[in-house]
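Please read the structure below before turning to the comments.
2 protein chains.
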Amino acid sequence: MTVTERKRRMPRAERERQMMGVAEEIFAERGYAAASMDEIAERCGVSKPMIYEYFGSKDGLLVACIRAARAELAENATRAVIGATSAEDALRRGLVAFFQFAESRRRSWAMMVRNEVALAGTGAMDEIEAIRREQVEIDAAMFAAFLPDKSPTELEILAQIVVGACERLSIWYVSQDEVTAVEAAEQLLTVLWRGVGGAVEGR
Amino acid sequence: MTVTERKRRMPRAERERQMMGVAEEIFAERGYAAASMDEIAERCGVSKPMIYEYFGSKDGLLVACIRAARAELAENATRAVIGATSAEDALRRGLVAFFQFAESRRRSWAMMVRNEVALAGTGAMDEIEAIRREQVEIDAAMFAAFLPDKSPTELEILAQIVVGACERLSIWYVSQDEVTAVEAAEQLLTVLWRGVGGAVEGR
DNA sequence: AGTCCAGCTTACTCATAGTAGGTTACTTGC
DNA sequence: GCAAGTAACCTACTATGAGTAAGCTGGACT
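Next comes the structure, spelled out in C-alpha cells:
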C-alpha cells in the first residue's frame, strides 16, 4: 500500500469527489442499507460529520452518487450519438453506449438501474430475482416453440426484453386510467409481433 | 371503530396472515426502510417478538409478503391462460391478467416490481424515476418523428416498452460475456423494428 | 388437578443515523 | 510577521429501531 500522503487535508470539491467514489463502492458492495456511514468516513480517512456537512444525509449521499452516474452516462450517450446518420442509427449508437457504460462502470450503473442498491444482500432481492428468472424461462420456452431457428442466447434476449417491457409497462399502467389492461396487452403484443411500426397487416 | 373482538388470541396461521396483511400495507405506505417493526406489531395488536417468532427478521417478513403476492399472481395467470386457443392467445391472456393484478392488488404488485418497497420516500427514488421519465420522453419524441400517426398515449407505451427492455437487457448483459454491446443493441433494434420474428427482410 | 406448550409479554442490548459544539491549520489583509 | 477569519476537521454525544433473553398464561389433554 502506498504510504505517500495518507491523511491529507483536502479542499471541499476534491473531498466530495473522493467521498462519492468510496460511497459508490460500498453501496455497490454491501447494498445501501448495509452500508454504514462510519465505514465510508473511515475509508475516506475522515470522520462522519464531514459527510453530513457536505451531503446532509445518507440519502443525500446516494442521490449525489446517482446524479454523478447519470451525468456521466448522459455524456457518453451524447458523444456516441454525434455523427449518427439517421434516427435509427442514433438509437443504435445510444443503446451501444448504454450497454458499454453498464459494463465498464458497473457500480455507477448499478446505482441507477438495479434494486441492488436498495436491497442487495437481502433475501427479498433473491426472491424477486427468482420470480423474474422463472418468468424469463417461461417466455424463452414459449418463443422457442414459435421460433425454432433462434439460438438459446437470442431466445434469452427476447425473453429479457419481454419481461423488462412488462414490468415497466405495468408501472406506467397503474399510474393512469385511460388505457385498459386489454389495450395495454394488445399494444405490447403488437410491438412484439410486428415491431413498433405495427401497421403492416397480416402476421 | 369496531369494538368487537379487539385483542384476541389467534392460532399461528391466522396471525401470520394478519401480520403479512398489515406489513404489506405499511411497506407500501412508508417504504420498507421507514416501516418499523414496532408499528406493524402494534397494528396487529401484539408485541414485536411475535413477528420475530414467526418470520425471523424484517427481511423474512418482506420475503413472506413477496412469496404470497407471487403465489397469488401465479394463480391468477394460470387461471387466465386456461382455455387459450393458441400460444399467442395464452401470452395475451397472461399479460392482461398481469396488468389487472397490478391494478387491483397494487400493494402486492408494488412489492414485487417497484423499487418503492426499498426506496419509497427517499430522494434517491425520485432521482431514479426522474432519469427514467427523461428517457421515456426522449424516446417518445423520437418515435413521434418516425410515426406521426400514433397517438400520444401509444407513443408513451412504446417508450415505456423500450426503456423497460433496455433496463432489463442491460442487467442480463453485464451478467454474461458471450454477447457484445453491439450485438445486444442490434437484437433489441431488430425486435423493435420488426418484432420478435425479425426474419422478414426489408424494413 | 396436574402437565404441557402455543401464544404472548416486558425489558432489555446493540448498531448506526444524525448532531452539538469545539479544535486546528491555512489563507488573507495589514 | 502576525492577527483575524474561516474551511476543514474532530470528539463525544442522542435517538431510534432491529433483534433477543427470559419469563408469564390460559386452555387442551391426559
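Protein chains in written order, with our numbering: chain H, 38 to 240; chain C, 38 to 240. Beta carbons: idealized from backbone N, C-alpha and C, even for Gly. If you're wondering where the values come from, they're calculated on a predicted model, not measured in any experiment.
Straight-line Cα distance separating residue j from residue i
| i | j | result |
| --- | --- | --- |
| I194 (chain C) | R169 (chain C) | 13 Å |
| L226 (chain C) | E125 (chain H) | 8 Å |
| E166 (chain H) | R104 (chain C) | 12 Å |
| L184 (chain C) | L128 (chain H) | 15 Å |
| G7 (chain H) | R151 (chain C) | Since the displayed chain H opens at 38 and closes at 240, residue 7 (chain H) lies outside it and no answer follows. |
| S123 (chain C) | A178 (chain C) | 35 Å |
| G201 (chain H) | F180 (chain H) | 16 Å |
| A222 (chain H) | R130 (chain C) | 8 Å |
| Y91 (chain C) | A108 (chain H) | 45 Å |
| G239 (chain C) | E220 (chain C) | With a pLDDT of only 45 at G239 (chain C), under the threshold of 50, the placement of this residue in the model should not be trusted; the figure read from the coordinates follows. Spanning the two alpha carbons is a distance of roughly 19 Å. |
| I77 (chain C) | K85 (chain C) | 8 Å |
| A111 (chain C) | E204 (chain H) | 15 Å |
| V83 (chain H) | I88 (chain C) | 39 Å |
| C102 (chain H) | M56 (chain H) | 9 Å |
| L192 (chain C) | V233 (chain H) | 9 Å |
| A147 (chain C) | R45 (chain H) | 46 Å |
| E140 (chain H) | A155 (chain C) | 24 Å |
| R52 (chain C) | E66 (chain C) | 21 Å |
| A70 (chain H) | G120 (chain C) | 45 Å |
| D163 (chain H) | W209 (chain C) | 15 Å |
| A50 (chain C) | A72 (chain H) | 35 Å |
| Q224 (chain H) | R54 (chain H) | 44 Å |
| D96 (chain C) | C81 (chain C) | 18 Å |
| L132 (chain C) | G93 (chain H) | 43 Å |
| F136 (chain H) | F135 (chain C) | 28 Å |
Chain-ordered neighbours of residue i on chain C, where CB pairs are closer than 7 Å
| i | result |
| --- | --- |
| R129 (chain H) | A222 and L226 |
| R231 (chain H) | G232 |
| A121 (chain H) | Going along chain C, no residue has its Cβ under 7 Å from A121 (chain H), so there is no contact; the nearest lies around 11 Å. |
| R52 (chain H) | Here the premise fails: no neighbours, minimum Cβ distance about 21 Å. |
| D96 (chain H) | T159, G160 and A161 |
| I22 (chain H) | Missing from the structure shown is residue 22 (chain H); chain H here goes from 38 to 240 and no further. |
| I88 (chain H) | Per Cβ cutoff of 7 Å: no residues; I88 (chain H) is ~15 Å from chain C at best. |
Local Cβ density within 10 Å of residue i, reported as buried at 16 or more and exposed below that
| i | result |
| --- | --- |
| E174 (chain C) | exposed |
| T159 (chain H) | buried |
| D75 (chain C) | exposed |
| K187 (chain C) | buried |
| D176 (chain C) | buried |
| V199 (chain C) | buried |
| E79 (chain H) | exposed |
| G68 (chain C) | buried |
| A161 (chain H) | buried |
| S207 (chain H) | buried |
| S264 (chain H) | With chain H running from 38 to 240 in the structure shown, residue 264 (chain H) is simply not present. |
| A157 (chain H) | buried |
| A182 (chain H) | exposed |
Proximal chain C residues relative to residue i, where beta-carbon distance stays under 8 Å
| i | result |
| --- | --- |
| S207 (chain H) | F135, F136, A139, W146 and V150 |
| Y210 (chain H) | F136, A139 and E140 |
| C203 (chain H) | L132, F135 and G201 |
| E1 (chain H) | Missing from the structure shown is residue 1 (chain H); chain H here goes from 38 to 240 and no further. |
| E215 (chain H) | T190 |
Residue i: contacting residues in chain C (beta-carbon distance under 9 Å)
| i | result |
| --- | --- |
| M179 (chain H) | A124, A127 and L128 |
| F183 (chain H) | A124, E125, V233 and G234 |
Simplified DSSP state of residue i, which is helix, strand or coil
| i | result |
| --- | --- |
| Y91 (chain C) | helix |
| E215 (chain C) | coil |
| G82 (chain H) | coil |
| T122 (chain H) | coil |
| Y69 (chain C) | coil |
| L184 (chain C) | coil |
| P48 (chain H) | coil |
| R142 (chain C) | coil |
| G235 (chain H) | coil |
| N152 (chain H) | coil |
| R97 (chain H) | Per the sequence shown, residue 97 (chain H) should be read as Gly rather than Arg. Of the three classes helix, strand and coil, the one that applies to G97 (chain H) here is helix, per DSSP. |
Residue i: contacting residues in chain H (beta-carbon distance under 9 Å)
| i | result |
| --- | --- |
| A155 (chain C) | Y69, A70, N152, V154, A155, L156, T159, A161 and M162 |
| I63 (chain C) | What I63 (chain C) touches in chain H: nothing, since even the nearest Cβ is about 15 Å away. |
| Q197 (chain C) | A202, R205, L206, I208, W209 and Y210 |
| R143 (chain C) | V211 |
| V100 (chain C) | T159, G160, A161, D163 and E164 |
Proximal chain H residues relative to residue i, where beta-carbon distance stays under 8 Å
| i | result |
| --- | --- |
| T115 (chain C) | Residues of chain H passing the Cβ test: none, with the nearest at roughly 11 Å. |
| R46 (chain C) | By Cβ distance, chain H contributes nothing, its closest Cβ being about 30 Å from R46 (chain C), past 8 Å. |
Chain-ordered chain H contacts of residue i [CB-CB under 7 Å]
| i | result |
| --- | --- |
| V59 (chain C) | What V59 (chain C) touches in chain H: nothing, since even the nearest Cβ is about 17 Å away. |
| A218 (chain C) | V133, F136, Q137 and E140 |
| I103 (chain C) | A161, E164 and I165 |
| I77 (chain C) | Neighbours of I77 (chain C) on chain H: none; closest Cβ ~15 Å, over 7 Å. |
heavy atom of the ligand SAH below 6 Å from residue i C-beta
| i | result |
| --- | --- |
| E51 (chain H) | As presented, the structure is devoid of all ligands, the ligand SAH included, so that no description of it is given. |
Requested in this report: Count the C-beta pairs between the stretch 227-236 of chain H and the stretch 203-215 of chain H that are closer than 8 Å, then say yes if the count reaches three, no if not.
Outcome: Taking a cut-off of 8 Å on C-beta distances, the stretch 227-236 of chain H does not touch the stretch 203-215 of chain H, as fewer than three cross pairs fall below it.
Query raised in the report: Quick one: any contact between the stretch 47-64 of chain H and the stretch 93-101 of chain H, if contact means 3 or more CB pairs under 8 Å?
Result: A contact exists between the stretch 47-64 of chain H and the stretch 93-101 of chain H.
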